[in-house]
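J.: The structure follows.
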Amino acid sequence: MATGTTSDTQLPDTAQAQRRILIVLVSAQVLSGAGLAAGITVGALLAQDMLGSTSLAGLPSALFTAGSALAAVAVGRLSQARGRRPGLAAGYLTGAIGSIGVIAASVMNNLALLFIALFVYGAGTATNLQARYAGADLATASHRGRAVSTVLVATTLGGVIGPNLAAPTGELARTLGIPYLAGPFLLAAAAYALAALVLAMSLRPDPLLLARELGATEAATTRTTTAPSPVDDSGKGIAAGGLVMALTQLVMVAIMTMTPVHMLDHGHSTAAAGLVIAIHVGAMYLPSPLTGWLVDRYGRLPVAAASGVTLLAAGVLAAAAPGDSMVLLALALALLGLGWNLGLVAGTAIITDTVPLATRAKTQGAVDVSIAVAGATGGMGSGLMVAATSYPVLALAGGVLAVAVVPIAAFTGRGRTV
Numbered sequence: 003m004a005t006g007t008t009s010d011t012q013l014p015d016t017a018q019a020q021r022r023i024l025i026v027l028v029s030a031q032v033l034s035g036a037g038l039a040a041g042i043t044v045g046a047l048l049a050q051d052m053l054g055s056t057s058l059a060g061l062p063s064a065l066f067t068a069g070s071a072l073a074a075v076a077v078g079r080l081s082q083a084r085g086r087r088p089g090l091a092a093g094y095l096t097g098a099i100g101s102i103g104v105i106a107a108s109v110m111n112n113l114a115l116l117f118i119a120l121f122v123y124g125a126g127t128a129t130n131l132q133a134r135y136a137g138a139d140l141a142t143a144s145h146r147g148r149a150v151s152t153v154l155v156a157t158t159l160g161g162v163i164g165p166n167l168a169a170p171t172g173e174l175a176r177t178l179g180i181p182y183l184a185g186p187f188l189l190a191a192a193a194y195a196l197a198a199l200v201l202a203m204s205l206r207p208d209p210l211l212l213a214r215e216l217g218a219t220e221a222a223t224t225r226t227t228t229a230p231s232p233v234d235d236s237g238k239g240i241a242a243g244g245l246v247m248a249l250t251q252l253v254m255v256a257i258m259t260m261t262p263v264h265m266l267d268h269g270h271s272t273a274a275a276g277l278v279i280a281i282h283v284g285a286m287y288l289p290s291p292l293t294g295w296l297v298d299r300y301g302r303l304p305v306a307a308a309s310g311v312t313l314l315a316a317g318v319l320a321a322a323a324p325g326d327s328m329v330l331l332a333l334a335l336a337l338l339g340l341g342w343n344l345g346l347v348a349g350t351a352i353i354t355d356t357v358p359l360a361t362r363a364k365t366q367g368a369v370d371v372s373i374a375v376a377g378a379t380g381g382m383g384s385g386l387m388v389a390a391t392s393y394p395v396l397a398l399a400g401g402v403l404a405v406a407v408v409p410i411a412a413f414t415g416r417g418r419t420v
């Protein structure tokens with residue numbers, strides 16, 4: 003009886019805390035989305051300009067995704083030890099420092115500094131993804147998909163606005179004596195710094211620390227009143243969730259990275275490339291509420307399988323689209339973003355279902371390393387593949403590779419109901 007009374011008095015407080023936490027996370031994600039989009043939009047173009055070679059145009063994406071791998075471990079470990087607030091704030095601040103380094107490198111035309119700065123800039127990307135776990139810390143199993151999606155969808159506003167500011171920030175950079183293509187990194191530095199400030203000042207209570215405090219009483223209630231997790235604790239769930247997210251990340255980054263280069267090679271403007279990337283980023287995050295509902299309603303694994311099919315459609319369309327067709331390329335990139343979203347939300351829910359609270363943040367950080375490594379592989383390999391073959395070959399190969407998500411989901415779901 004005492005336990006029931008304690009639970010009854012705690013649940014309203016937990017629900018109120020969850021609402022406040024989601025509001026703060028949403029505010030920070032709007033800002034960080036703008037910072038994230040800057041590197042996506044002009045990173046490859048800046049490298050192509052400074053290197054004078056298309057074959058290494060995927061290097062910036064590879065560098066900041068590789069940097070995000072290290073940052074994912076650091077943010078995960080700091081969050082495990084101190085809570086989500088210091089972990090996420092430190093990650094965004096590091097991303098801001100990296101943005102400033104990119105600007106300095108472009109001014110000095112220093113390739114070594116550019117590569118180092120892009121690596122550091124990747125911390126913002128890792129932190130943007132890690133924030134989705136914070137949204138799920140206090141969520142019940144039946145609402146985790148929607149909690150994750152609420153945090154992800156907030157990235158849409160900044161992610162859509164950011165690429166469309168590529169041209170205005172480029173002009174601002176010129177007036178300041180900074181190379182045009184480094185302009186969006188001015189926005190990234192400010193956006194990441196503000197996101198860090200919002201989290202440092204307002205993410206109270208800390209969702210992970212509060213979840214631990216409530217865990218002792220809530221765990222006993224949950225074990226006796228809720229259905230088993232859709233994924234068992236044998237490690238199979240961690241492997242499945244990680245593979246789904248890593249594979250979708252690799253395909254998405256590879257095709258996305260080379261699309262602006264492909265468009266400029268076919269006579270499109272930087273503003274047009276920015277608009278297509280804005281549509282892509284919007285599709286990466288805007289469907290999140292629907293995806294979260296689908297994950298909670300129909301299960302993690304069916305939605306994961308749907309991501310592979312959607313990415314295949316994106317790759318086929320990007321390969322078939324004429325280079326001068328902005329509409330078809332935009333549609334292909336929208337499907338690419340949607341496929342990534344389906345995989346990320348489903349994979350995140352699988353991981354959160356599987357990982358015990360005691361080691362949650364550290365394990366989630368380790369899982370995100372595989373996502374970052376996959377992104378780095380896709381980014382670096384994309385430029386080399388386009389130089390050796392063509393953009394359509396890259397797009398088609400990426401779509402075919404993404405279909406591997408379907409058997410992964412089928413194998414994981416064999417013998418269980420999801």
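Mapping of the sequence shown onto our numbering: residues 3 to 420, in sequence order. Don't be surprised by glycine CBs; every beta carbon is placed ideally from N, CA and C.
#1: Would you mind reading off the limits of the alpha helix (DSSP H) that contains I180?
#2: Apart from the five residues just before and just after L245, which ones in its own chain have a Cβ nearer than 7 angstroms to its Cβ?
#3: Would you mind stating whether G317 and V407 have Cβ atoms separated by less than 7 angstroms?
#4: Measure the C-alpha to C-alpha separation of T312 and Q251 and round it to an integer number of angstroms.
#5: Is H268 helix, strand or coil by DSSP?
#6: Using alpha carbons as the reference points, say which of A213, R87 and V253 lies closest to M203.
#7: Between A91, A197 and A64, which has its C-alpha nearest V253's C-alpha?
#8: Give me the Cβ distance between S70 and G124, rounded to the nearest whole Å; I'm assuming they're in contact under 8 angstroms.
#9: Determine, using beta-carbon pairs with one atom in the stretch 148-165 and one in the stretch 23-43, whether at least three such pairs fall under 8 angstroms.
#10: What does the Cβ neighbour count give for R134, buried or exposed, with the cut at 16 atoms within 10 Å?
#11: How long is the line joining the alpha carbons of N343 and I25, rounded to whole angstroms?
#12: Report the residue from V371, A49, V375 and T16 whose alpha carbon sits nearest the alpha carbon of P262.
#13: Where does V357 sit, in a helix, a strand or coil, going by DSSP?
#14: Rounded to whole angstroms, what's the CA-CA distance from K238 to A306? Just pull it up for me.
#15: In this structure, how does DSSP classify D208 when only helix, strand and coil are distinguished?
#16: Are V375 and I353 closer than 7 angstroms when you measure CB to CB?
#17: Take the Cβ of T379 as the centre, count every other Cβ of all protein chains shown within 10 Å, and call the residue buried at 16 or more, exposed below.
#18: Indicate whether the contact test is met: 3 or more Cβ pairs, each with one atom in the stretch 134-153 and one in the stretch 318-338, closer than 8 angstroms.
#19: Determine the burial state of M110: buried for a count of at least 16 other Cβ atoms within 10 Å of its Cβ, exposed for fewer.
#20: Rounded to the nearest angstrom, how far is the Cβ of G85 from that of V77, given a contact under 8 angstroms?
#21: Considering only the alpha carbon of each residue, which of A17, A91 and T152 lies closest to L199?
#22: Are there three or more Cβ pairs, one per stretch, closer than 8 angstroms when the stretch 380-399 is compared with the stretch 271-289?
#23: Please go through the stretch 48-82 and give each complete alpha helix (DSSP H) segment of 4 or more residues, from N-terminal end onward.
#24: If you run the structure through DSSP and keep just helix, strand and coil, what is N111?
#25: Indicate whether S151 and M260 have their beta-carbon atoms separated by less than 7 angstroms.
#26: Quick check: the stretch 176-193 against the stretch 99-108, are there 3 or more CB pairs under 8 angstroms?
#27: Span of the alpha helix (DSSP H) holding D298?
#28: Buried or exposed for Y300, please, with buried defined as at least 16 other CB atoms from any protein chain shown within 10 angstroms of its CB.
#29: Just to confirm before moving on: does the CB-CB distance between A195 and L140 stay below 7 angstroms?
#30: Out of L72, G103, A308 and P304, which has the shortest C-alpha to C-alpha gap to A191?
#31: Anyone know if the C-beta pair for A39 and G172 falls short of 7 angstroms?
#32: Please tell me whether M52 has its Cβ less than 7 angstroms away from any Cβ of chain C.
#33: Helix, strand or coil, according to DSSP, for S392 in the structure here?
#34: Are M265 and G339 close, meaning C-beta to C-beta below 7 angstroms?
T.: From the atom records:
#1: In the DSSP assignment, I180 falls outside any alpha helix (DSSP H) and carries neither an H nor an E.
#2: I410
#3: No; because the gap between Cβ atoms is not below 7 angstroms, this pair is not in contact.
#4: Distance from the CA of T312 to the CA of Q251, rounded to the nearest whole angstrom, comes to 13 angstroms.
#5: Reduced to three states, the DSSP call for H268 is coil.
#6: In this structure, R87 is the residue among A213, R87 and V253 with its C-alpha nearest to the C-alpha of M203.
#7: A64
#8: The Cβ separation is near 4 angstroms, so the contact holds.
#9: yes
#10: R134 is buried by the Cβ-count criterion.
#11: 21 angstroms
#12: A49
#13: coil
#14: 15 angstroms
#15: coil
#16: no
#17: buried
#18: no
#19: exposed
#20: Not confirmed; about 11 angstroms, so no contact.
#21: A91
#22: Output reads no: the stretch 271-289 does not touch the stretch 380-399.
#23: none
#24: N111: coil per DSSP, three-state reduction.
#25: no
#26: yes
#27: Judged by DSSP secondary structure, D298 falls within the alpha helix (DSSP H) whose first and last residues are S290 to Y300.
#28: exposed
#29: no
#30: The residue among L72, G103, A308 and P304 with its C-alpha nearest the C-alpha of A191 is G103.
#31: no
#32: The chain inventory of the structure shown lacks chain C, comprising one protein chain alone.
#33: coil
#34: no
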